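This note's numbering puts the first residue of the sequence shown at 13, with every later residue one more than the last. Using N, Cα and C, we set each Cβ at its ideal position, and we do this for glycine too. Just so we're clear, the structure is a prediction, and the values are computed from it rather than from any experiment.
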Amino acid sequence: MNLGRVELCLHVKELTTSLEFYHKLGFIDQEVYPEEGWGILHYRDFVLGLYQGYIEENLLNFRGGNIYRLQNWLKKTGLPVEKTEAVNEDGTGSIYMRDPDNNLLYLDTSPGELED
């Protein structure tokens, strides 16, 4: 099952300070909107999202997988889905689940992102 590409999303207290820190580590801007409180950076193949005021906890975000098929597959495998948001038959939508250590996983696909 294709989960899509993964990025780490961090809840940050002050976006500008966090951007400066990650830039010094060698991260490069992919999409940054300071006025909206978020930015996507990358370092080699690693993608990092920084969010001020959007998320309440750090999470892994899987993007591009067929959410409709993933939701059905998760049910069959017995992995619990915590929350579902508008899962559509075209594969778009989003679901939330947690790993055994209570880390949040967010599976999300918008129109135009579907990989499979």
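S30 carries a helical assignment under DSSP once its states are collapsed to helix, strand and coil.
If the five residues before and after S30 are omitted, its C-beta is found closer than 7 angstroms to the C-beta atoms of V24, L62, all from its own chain and listed in chain order.
Check the Cα spacing between E47 and each of E26, N78, E19: the tightest is with E26. With respect to the C-alpha of L119, the residue from V59, E127, I107, Y66 having the closest C-alpha is I107. Contact between L117 and L72 is confirmed by a C-beta separation of about 5 angstroms, below the 8 angstroms threshold. Looking at the DSSP output, H35 shares a beta bridge with no other residue. With distances taken between CA atoms, F39 lies nearest to Y55 out of T28, G124, Y55.
When beta bridges are read from the DSSP output, W50 appears opposite Y45, Y63. Per DSSP, reduced to three states, the secondary structure at T121 is strand. Counting along the chain, R81 sits inside the alpha helix (DSSP H) bounded by residues 79-89.
Residue S122 holds the alpha-carbon nearest to the alpha-carbon of N78 among N114, S122, N70.
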